[in-house]
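Presented below is the structure to which this report refers.
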Amino acid sequence: MDRRNSSVWSYFTIVDNVYAKCDICKKDKSYKSSLTNLKKHLSSCHMIFLKHEQGVNKNQSRIVTDIDDPSSIHHSINEPSVNSTSPSLPSTSSVPGTSHLTSLIDPSNVNVFTQIQNGQSQMQAENNAKAQKRKQLSIATYIPKKLTINMKKDIDQSLLSLFTKDYQPFKIVEDKGFKSFVKMLNPSYTLPSRQSISKEHIPALYEKCMREMKELVLKEAEHICLTTDCWTSRNNESFMAITIHFVDSNFLLRSVLISCSAFNESHTSNNLSAEIKKTVDEWQLDGKVELAVSDNASNIKNALTSLKFKHMGCFAHTLNLVVQSALTLESDLVDKVKTIVTHFRKSTVANNKLKTYQINNGVDEPKKLLQDVQTRWNATYYMLQRFIELESSIRGTLGLLDKAPQSLNCDEWTLLKELCTVLRPFEEATKAVSGESYITASIVIVLAQGLLNACKKLSTMKFQNRTHTVIKKLISNMENRDAWKNFDMSKTLCRCTFLDPRFKNLPFSNNAVLNETTKNDIIEKTSNIIYLERSKQIDEQNQDQPEYISVDTASTSNSLSIWETIDTSVAKLMPSGTSKSRAIIEVQRYLEDGILKRNLDPLKWWKDHRYNYPYLSILSKRTLCCLGTSVPCERIFSKAGLILNDRRCRLKSDKVEMLLFLNYNST
Numbered sequence: 001m002d003r004r005n006s007s008v009w010s011y012f013t014i015v016d017n018v019y020a021k022c023d024i025c026k027k028d029k030s031y032k033s034s035l036t037n038l039k040k041h042l043s044s045c046h047m048i049f050l051k052h053e054q055g056v057n058k059n060q061s062r063i064v065t066d067i068d069d070p071s072s073i074h075h076s077i078n079e080p081s082v083n084s085t086s087p088s089l090p091s092t093s094s095v096p097g098t099s100h101l102t103s104l105i106d107p108s109n110v111n112v113f114t115q116i117q118n119g120q121s122q123m124q125a126e127n128n129a130k131a132q133k134r135k136q137l138s139i140a141t142y143i144p145k146k147l148t149i150n151m152k153k154d155i156d157q158s159l160l161s162l163f164t165k166d167y168q169p170f171k172i173v174e175d176k177g178f179k180s181f182v183k184m185l186n187p188s189y190t191l192p193s194r195q196s197i198s199k200e201h202i203p204a205l206y207e208k209c210m211r212e213m214k215e216l217v218l219k220e221a222e223h224i225c226l227t228t229d230c231w232t233s234r235n236n237e238s239f240m241a242i243t244i245h246f247v248d249s250n251f252l253l254r255s256v257l258i259s260c261s262a263f264n265e266s267h268t269s270n271n272l273s274a275e276i277k278k279t280v281d282e283w284q285l286d287g288k289v290e291l292a293v294s295d296n297a298s299n300i301k302n303a304l305t306s307l308k309f310k311h312m313g314c315f316a317h318t319l320n321l322v323v324q325s326a327l328t329l330e331s332d333l334v335d336k337v338k339t340i341v342t343h344f345r346k347s348t349v350a351n352n353k354l355k356t357y358q359i360n361n362g363v364d365e366p367k368k369l370l371q372d373v374q375t376r377w378n379a380t381y382y383m384l385q386r387f388i389e390l391e392s393s394i395r396g397t398l399g400l401l402d403k404a405p406q407s408l409n410c411d412e413w414t415l416l417k418e419l420c421t422v423l424r425p426f427e428e429a430t431k432a433v434s435g436e437s438y439i440t441a442s443i444v445i446v447l448a449q450g451l452l453n454a455c456k457k458l459s460t461m462k463f464q465n466r467t468h469t470v471i472k473k474l475i476s477n478m479e480n481r482d483a484w485k486n487f488d489m490s491k492t493l494c495r496c497t498f499l500d501p502r503f504k505n506l507p508f509s510n511n512a513v514l515n516e517t518t519k520n521d522i523i524e525k526t527s528n529i530i531y532l533e534r535s536k537q538i539d540e541q542n543q544d545q546p547e548y549i550s551v552d553t554a555s556t557s558n559s560l561s562i563w564e565t566i567d568t569s570v571a572k573l574m575p576s577g578t579s580k581s582r583a584i585i586e587v588q589r590y591l592e593d594g595i596l597k598r599n600l601d602p603l604k605w606w607k608d609h610r611y612n613y614p615y616l617s618i619l620s621k622r623t624l625c626c627l628g629t630s631v632p633c634e635r636i637f638s639k640a641g642l643i644l645n646d647r648r649c650r651l652k653s654d655k656v657e658m659l660l661f662l663n664y665n666s667t
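All the letters of the sequence shown, read from the start, carry residue numbers 1 to 667 under the UniProt record's numbering.
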């Protein structure tokens with residue numbers, strides 16, 4: 001067939017006798033010898049597949065003239081005309097391989113002609129169906145669409161997640177690799193500049209998030225727990241973070257970072273309290289703070305108490321002090337382990353040999369030694385635990401090194417294992433109290449009692465004398481440390497524990513005085529709620545209900561009243577007893593109800609039982625917002641360290657504040 005009539009020219013423009021330009025990608029392609037090269041380009045680069053254009057023999061050829069309907073074909077001028085055959089003979093030219101049948105079949109054989117006709121019709125129907133399935137898409141399908149305003153906004157928002165979620169540097173939009181990657185994903189999208197992200201997009205997103213959080217807090221936060229902490233970056237910039245936590249109307253624990261700003265003043269209690277007061281007023285939280293939690297530093301403690309907030313020292317921080325004090329008794333052993341760990345982490349040769357030793361002994365995924373962090377006792381625990389886990393590999397590898405640090409002897413290995421056994425309950429308690437997605441203040445008393453009992457039980461076990469010395473130190477630290485003793489004395493913590501359906505008054509079963517005191521405190525709080533709720537209902541009824549009949553009660557006080565019968569009936573239907581008596585009944589029913597399993601959600605329990613205990617549920621929503629630690633603030637500063645890394649050390653403090661706020665508060 002004539003190459004000029006091929007459907008391939010729907011996609012190419014002839015440049016000269018050798019090259020043709022692709023109308024889609026504008027590339028020049030050779031067609032000197034045949035059109036195969038052009039067709040391959042369409043199929044491989046643009047996913048366009050052209051229908052086969054050559055007939056079965058020289059006397060029969062066809063041309064695809066309509067890409068949208070490949071089944072439409074024209075007969076060539078050399079093809080026999082339909083009219084040249086007998087009227088009773090159907091045309092076979094459209095069926096490949098049948099044109100020669102006219103000279104072979106006897107026209108008198110009607111059955112044969114009928115079979116040919118039926119076969120031709122069936123083949124034509126099948127070809128039409130296949131052609132319909134393979135219908136080609138239009139060129140416009142492969143041309144990138146221009147972005148709408150809304151589409152660009154959506155992509156911009158996804159881009160901002162790189163900075164607010166992953167703390168990527170703004171400079172990434174200038175990196176060649178990233179720009180090439182984005183261009184490949186969507187050629188129509190233009191990346192905003194680094195300056196635009198810093199000065200426009202991030203501030204706008206920050207303002208939007210700030211408005212949303214303030215609306216949420218104003219609507220849902222009736223009572224809150226406040227946590228705060230301070231941090232100094234390696235650039236010597238100080239920051240102060242404040243988070244609040246509350247139970248919303250759907251009995252879900254919510255957390256909001258309300259401030260994380262540069263704090264350049266000296267960290268005196270007066271300066272700290274002034275900053276906290278300013279933030280509390282800005283968010284309209286005055287009178288809503290049920291508990292304030294911080295570390296045990298005197299300056300922040302005095303700052304919070306000066307604002308008339310109930311203060312509690314961070315339980316995790318207290319745990320850290322208790323354990324680190326006891327570990328000083330075995331500081332030589334811990335330092336010896338640190339020396340070995342440091343050697344393996346700094347020496348590539350030693351680290352590779354440790355890895356090889358594990359592989360040669362059948363370990364599929366070799367592990368590395370862990371380095372501790374001086375400010376966190378549990379990091380020391382994890383270091384010792386991994387060290388024991390790799391004991392055989394460490395011993396074997398140290399023997400292969402030319403300049404190896406001194407290894408532990410048998411007694412030291414035994415002591416190390418015993419110390420990990422002793423410290424394991426403290427690690428479990430630290431993890432339990434450090435959660436943010438569930439209530440933690442209610443478990444502080446339970447954990448404090450559990451740790452003390454665990455240590456007393458450990459003291460009866462068979463250990464080395466050095467291990468028993470550490471156990472005694474742990475017990476002494478817990479019993480004599482003021483912060484530890486204050487946990488049982490905190491009315492707020494006692495209320496939280498009592499109102500947690502997993503515990504109720506069980507933690508006070510061995511202390512009759514504390515049990516009775518806590519129960520009476522709950523009854524009093526519940527009684528006040530009942531009184532206020534009743535007063536509110538009466539006020540609403542008086543405001544909503546019109547006064548249809550006015551009666552001079554003074555003139556009828558000494559005579560029979562026509563309202564006596566109905567008033568008596570109404571009085572019988574009204575709740576009987578005082579607010580306190582109703583509170584006693586509700587509290588008693590709560591105590592008689594079953595204990596919730598420890599792995600279930602106490603807030604969900606209160607949501608499901610809020611109609612059974614209408615007033616206790618109000619008190620629980622107000623009380624169970626309290627946390628047992630200031631860990632949320634500490635985690636914020638761990639993320640701040642990620643922001644102020646080597647690539648972003650010049651980031652200004654106001655941008656750090658925005659990024660931290662968006663990271664914590666964005667969904």
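Backbone N, C-alpha and C fix where the C-beta goes; we use that ideal spot for every residue, glycine too. Since this is a predicted model, take the numbers as computed values, not measurements.
- Contact annotation: Asn302 and His317 have beta-carbon atoms that are not nearer than 7 Å.
- Between His46 and Ile14 a beta carbon distance of about 18 Å is seen, past the 8 Å cut, so the two are scored as non-contacting.
- For Cys455, the enclosing alpha helix (DSSP H) stretches over residues 444 to 458.
- For Asp332, the uninterrupted alpha helix (DSSP H) run begins and ends at 331 to 346, by DSSP.
- The beta carbon of Ser238 sits closer than 8 Å to the beta carbons of Cys230, Trp231, Thr232, Ala262, Phe263, Asn264, His267 from its chain, once the five residues preceding and following it are set aside; these are given in chain order.
- Here Lys504 has Phe498, Leu591, Ile595 as same chain residues with Cβ atoms under 7 Å from its own Cβ, once five neighbours each way along the sequence are excluded.
- Around the beta carbon of Arg589, fewer than 16 other beta carbons lie within 10 angstroms, which makes this residue exposed.
- By the 16-neighbour rule on beta-carbons within 10 angstroms, Thr339 is exposed.
- Residues Arg254, Val256 of the same chain have their beta carbon placed closer than 8 Å to that of Leu216, with the five preceding and five following residues left out of the count.
- For Asp28, the three-state secondary structure derived from DSSP is strand.
- A direct Cα-to-Cα measurement between His223 and Ser161 gives close to 31 Å.
- With a 10 Å radius around the Cβ and a threshold of 16 neighbouring Cβ atoms, Val470 comes out buried.
- The distance from the Cβ of Met312 to that of Ser490 is about 6 Å, consistent with a contact at the 8 Å cut-off.
- Between Tyr438 and Thr397, the C-beta gap is not smaller than 7 Å, which leaves the two residues out of contact.
- Excluding sequence positions up to five before and after Ser294, its CB lies within less than 6 Å of the CB of Thr228, Ile300, Ser630, all in the same chain and listed in chain order.
- When the beta-carbon positions are compared, Ser620 and Trp606 come within less than 7 Å of each other.
- Nearest neighbour of Asp281 by Cα position, chosen from Leu291, Ser259, Ser269, turns out to be Ser259.
- Note: Ala583 is not bridge-paired with any residue in the DSSP secondary-structure output.
- Contact between Phe387 and Leu401 is ruled out by a C-beta separation of about 16 Å, above the 8 Å threshold.
- Going by beta carbons, Leu35 and Ser6 fall inside the 7 Å limit.
- Here the region 404 to 415 does not lie against the region 368 to 383, with fewer than 3 beta-carbon pairs under 8 Å apart.
- Note: Leu253 is bridge-paired with Val247 in the DSSP secondary-structure output.
- DSSP places Ala20 in the uninterrupted beta strand (DSSP E) bounded by 19 to 22.
- For Trp9, DSSP assigns no beta-bridge partner whatsoever.
- Of the candidates Val446, Thr421, Met658, Ser442, Ser442 places its Cα closest to the Cα of Asp601.
- No Cβ-Cβ contact shorter than 7 Å links Leu384 with Val422.
- Taking C-beta separations shorter than 7 Å and ignoring five residues to either side along the sequence, the partners of Leu662 in its chain run Thr164, Leu205, Tyr206, Cys209, following chain order.
- Straight-line spacing of the CA atoms in Asn150 and Ser44 works out to 33 Å.
- The residue among Val341, Gln449, Leu333 with its C-alpha nearest the C-alpha of Glu412 is Leu333.
- A straight-line Cα-Cα distance of about 31 Å links Asp286 and Asn515.
- For Leu304, the CB contacts under 6 Å within the same chain, skipping 5 residues up- and downstream, are Ala292, His311 in chain order.
- No residue range can be given for His201, since it is assigned to no beta strand (DSSP E) and is classified by DSSP as neither H nor E.
- Distances from the CA of Arg194 to each of Ile172, Lys176, Leu185 were compared; the closest alpha carbon is that of Ile172.
- Within a 10 Å sphere around the beta-carbon of Pro187 sit fewer than 16 other beta-carbons, which makes this residue exposed.
- The Cβ neighbour count for Ala350, taken over all protein chains shown within 10 Å, is at least 16; the residue is labelled buried.
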